[in-house]
Structures are given as C-alpha cells and as structure tokens.
Amino acid sequence: DNGELDDDYPRDISVGFDKIPDHVDAAFALPAHSHHGKEKVYFFKNDQYYVYEFLHQPSHEECAVMSERSPSALFRRYTDLYYNNYERFFHELFSDLPQHHDKHHFINKDWKGLKSPVDAAMSGRIYITTGRSTPRRYDYQPDQQG
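Heads up: the sequence shown at position 72 corresponds to 72 in full-length UniProt numbering, and the numbers run straight through without jumps.
Listed below in structure tokens is the structure:
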C-alpha cells in the first residue's frame with residue numbers, strides 16, 4: 001500500500017519459493033496453459049534451471065468474480081482473452097520440456113537454442129512472424145546511393 005514495501009521485503013527468493021536457490025541469474029513466469037493447469041515460474045542459475053509450480057491457480061470463475069470487483073477493464077479483457085484463446089497455444093509452446101524426476105535440470109540439455117548461463121529472461125507479448133522473401137519497395141538498402 002502507498003507504494004511502500006512490506007517490512008519483510010526485499011527478501012531471499014528461497015523464502016517464498018521452496019527448493020529454489022537464492023541469487024538466481026534470471027526468471028520468468030508462464031501462465032497456466034488452461035484454467036485446469038498451474039502457473040509456473042522458471043528460474044535460471046549458472047548452468048541449471050528450476051521450475052516452481054504454484055499450488056493454487058485461480059479458476060475462470062474466480063477470475064470472473066475478481067473482475068466484477070475490479071474496476072479495471074484491462075484485467076477483465078485479459079481474463080476473457082486468455083480463457084478463450086491461449087490454452088492450446090501455451091500448451092504447444094511449453095509442453096515439450098522434460099518432466100524430470102531428479103533435481104538437476106540443465107539449460108544446455110533441455111532448452112533448445114539456449115546456452116548457459118542465462119542472464120535475462122522476459123515474458124510478455126508473444127510475436128510470431130513469417131519471413132519476408134523480398135524486400136519492400138521503400139526498405140532501406142545499405143548499398144543504395146541516396
């Protein structure tokens with residue numbers, strides 16, 4: 001409240017996230033792939049990553065109740081869009097990560113295209129584009145005289 005942190009903040013990550021080491025290099029949260037799934041947070045440290053799965057994921061009904069109480073049209077729009085469109089998309093993007101039964105999860109082994117250490121991660125908008133085979137008429141060409 002009032003833009004002030006609670007008395008016990010900032011605090012080590014291990015206090016709020018069981019089995020996650022302190023002093024991580026990067027992290028990002030991934031929404032649940034459906035209202036029956038659970039939100040996950042991926043933490044990266046050195047050459048390993050750790051996955052924290054939230055114990056309780058609000059149902060669509062709980063989100064609807066929250067949006068009725070909330071004056072935020074943005075929150076209401078997000079819950080409706082997410083509920084209607086993203087379940088299959090997130091499942092396809094992130095369901096291939098191995099389900100480990102041991103405690104070691106190596107970035108170089110499990111994340112294709114990533115090399116450790118990961119020092120930054122971001123989640124937000126997801127852009128999917130197709131390659132353009134020919135340049136547009138007014139695109140800048142470095143070898144043009146002008």
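Cβ coordinates follow ideal geometry from the N, Cα and C atoms, glycine included.
Lysine 45 counts as buried, since at least 16 other C-beta atoms from the protein chains shown sit within 10 angstroms of its C-beta. A Cβ-Cβ separation of about 5 Å places isoleucine 107 in contact with tyrosine 49 under the 8 Å criterion.
In the structure shown, glutamate 39 adopts coil according to DSSP, grouped into three states. For phenylalanine 28, same chain residues with a beta-carbon under 8 Å away, outside a window of 5 residues either side, are Val41, Tyr42, Ala121, Met122, Ser123 in chain order. Judged by DSSP secondary structure, valine 15 falls within the alpha helix (DSSP H) whose first and last residues are 13-16. Valine 65 and lysine 115 have their C-alpha atoms spaced approximately 42 Å apart. DSSP places asparagine 108 in the uninterrupted alpha helix (DSSP H) bounded by 107-110. A distance below 6 Å between beta-carbons, with the five flanking residues on each side excluded, links phenylalanine 54 to the following residues of its chain, in chain order: Lys38, Glu39. For aspartate 18, the closest alpha carbon among the candidates Trp111, Asp119, Lys103, Pro117 is that of Lys103. Here valine 51 carries a strand assignment [DSSP, helix/strand/coil]. Here the alpha carbons of alanine 26 and arginine 11 stand approximately 16 Å from one another.
Of Asp47, Gly16, Glu62, the smallest CA-CA separation from valine 118 is found for Asp47.
Residue environment: histidine 105 is assigned as buried (16 or more neighbouring CB atoms within 10 Å of its CB, all protein chains considered).
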